[in-house]
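Trainee: Sharing a structure here in structure tokens format.
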Amino acid sequence: MLGSRILTAAALAAVFLALLFLASRPVWTVVNGAVLAVAAWEWARLASLRASACVCFTVLVVGLFGVLVWLPHWMPLAYGLAMLFWVLAAPVWLRKRPRDVPRPVVAAVGAIILVAAFAALIELRDESPGLVLAVMAVVWISDSAAFFTGRRFGRRKLAPAVSPGKTWEGVWGALLAVAAYGLSWHWFPDAALPRGSSTGVTSLGFLALGFAVLGILGDLFESQMKRNAGVKDSGRLLPGHGGALDRIDALLPVLPAAAWMFAR
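In my numbering, the protein residues as written are 347 to 610.
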């Protein structure tokens with residue numbers, strides 16, 4: 347199991363980096379659209395939509411993504427709607443853990459947050475491939491630090507009814523690691539931030555912390571979706587890693603927030 351996880355992760359990293367730094371914009375857009383289609387299908391299945399509705403939902407989400415790429419002046423609206431959900435609605439949703447949310451509501455939420463996240467990937471890469479990597483690294487560092495800190499020091503459960511493996515000690519470890527990483531942007535701005543960015547060192551640290559908190563929120567929200575659906579993984583696309591949503595759950599709130607901050 348561990349071997350398949352490592353092999354899958356290595357293959358994904360190699361393909362992703364090659365596309366990020368070498369692919370043309372049309373190729374990058376098409377590949378992101380394909381991944382979005384898989385994620386949309388998985389979301390529809392988690393929402394318990396019928397097969398025909400899953401197809402319609404997937405087509406709708408990919409179509410909306412295409413519209414935003416074609417008409418980028420609408421992207422800030424998508425980011426704003428997504429962030430309203432993540433900041434205002436998602437915490438309440440996680441706290442109440444409702445099981446009887448109407449399927450159209452779950453579908454609408456999925457359409458907004460998926461389209462906003464993948465549209466953000468297009469805009470962020472237009473700014474700088476390094477910016478995409480820097481933002482995603484916040485999530486990767488947060489996940490890794492939370493895992494190892496929680497494994498070593500974890501005692502108090504963060505959300506036992508949603509994700510029993512996560513602990514508050516893991517969260518604090520993640521935040522410390524991410525804060526240090528955010529501060530490093532001050533010394534290597536050309537590798538991460540858009541040209542002309544005047545963000546101060548303190549602001550960079552807090553910004554990275556904010557991204558980390560959003561990433562944890564996204565992870566917990568997808569865990570709640572899977573728990574409601576009675577499944578362990580969102581899909582079986584990636585050996586040892588589950589589905590596409592399982593790989594991008596923490597990025598769903600982080601990407602539109604980063605695009606709102608930097609891709610203006």
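Just so you know, even glycine gets a beta-carbon here, dropped at the ideal spot from N, CA and C. Quantities reported herein were computed from a predicted structural model and do not represent experimental measurements.
If you follow the alpha helix (DSSP H) that G426 is part of, which residue opens it and which one closes it?
Mentor: Taken as a continuous stretch (DSSP letters only), the alpha helix (DSSP H) holding G426 covers 421-430.
Trainee: Report yes if the C-beta distance between L583 and V384 is below 8 Å; otherwise report no.
Mentor: Cβ distance < 8 Å, so L583 and V384 count as in contact.
Trainee: Should P602 be labelled buried (16 or more other beta-carbon atoms within 10 Å of its own) or exposed?
Mentor: P602 should be labelled buried.
Trainee: If we ignore side chains and look at the alpha-carbon of each, how far apart do V643 and A390 end up?
Mentor: Absent from the structure is residue 643, since the part of the chain shown begins at 347 and ends at 610.
Trainee: Quick one: grab the DSSP three-state call for W606.
Mentor: Looking at W606 - three-state DSSP - the assignment turns out to be helix.
Trainee: In terms of alpha-carbon separation, which member of A393, L563, E469, L358 lies closest to P418?
Mentor: The residue with the shortest Cα to Cα distance from P418 is E469.
Trainee: So the beta strand (DSSP E) A505 belongs to, where does it begin and stop?
Mentor: A505 -> beta strand (DSSP E) spans 503-505.
Trainee: Below 8 Å, how does it come out for the region 415-430 and the region 456-468: are there three or more Cβ pairs, yes or no?
Mentor: Yes: the two stretches touch, three or more of their Cβ pairs being nearer than 8 Å.
Trainee: Looking only at C-alpha atoms, which of L553, L382, V447 sits nearest to L406?
Mentor: Comparing Cα positions, the closest option is L382.
Trainee: Tell me, please, whether the region 480-499 touches the region 511-526 by the rule of three or more beta-carbon pairs shorter than 8 Å.
Mentor: Yes, since at least three Cβ pairs between the region 480-499 and the region 511-526 fall closer than 8 Å, the two stretches touch.
Trainee: Cα separation between A507 and G576?
Mentor: Going by the C-alpha atoms only, they are around 13 Å apart.
Trainee: Taking the continuous beta strand (DSSP E) assigned at P475, which residues delimit it?
Mentor: From DSSP, P475 is part of no beta strand (DSSP E) but of the alpha helix (DSSP H) over 475-499.
Trainee: Nearest-angstrom Cα distance between G551 and A399?
Mentor: Near 43 Å, if we compare the C-alpha coordinates of A399 and G551.
Trainee: For S509, which residues does DSSP report across the bridge?
Mentor: Paired residue(s): A505.
Trainee: Please report the distance separating the alpha-carbon of P372 from that of V452.
Mentor: One C-alpha to the other measures close to 30 Å.
Trainee: Can you round the beta-carbon distance between L467 and N378 to whole angstroms, since I take them to be within the 8 Å contact cut?
Mentor: The pair is a contact, with the Cβ atoms about 6 Å apart (cut-off 8 Å).
Trainee: Taking L555 as the reference, which of A386, A526, K578, L366 has the closest Cα?
Mentor: When each option's Cα is compared against that of L555, the closest is A526.
Trainee: What does the Cβ neighbour count give for A604, buried or exposed, with the cut at 16 atoms within 10 Å?
Mentor: By the 10 Å Cβ count, A604 comes out buried.
Trainee: Quick one: measure Cβ to Cβ for A523 and S488, integer angstroms, because I've assumed they're closer than 8 Å.
Mentor: So it is a contact: roughly 7 Å between Cβ atoms.
Trainee: Which residues in the same chain have their Cβ closer than 7 Å to the Cβ of L410, if we skip the five residues on either side of it in sequence?
Mentor: Same-chain partners within the cutoff: A457, V461.
Trainee: Compute the beta-carbon to beta-carbon distance between M571 and L392, rounded to the nearest angstrom, for a pair I have assumed lies under 8 Å.
Mentor: The pair is a contact, with the Cβ atoms about 5 Å apart (cut-off 8 Å).
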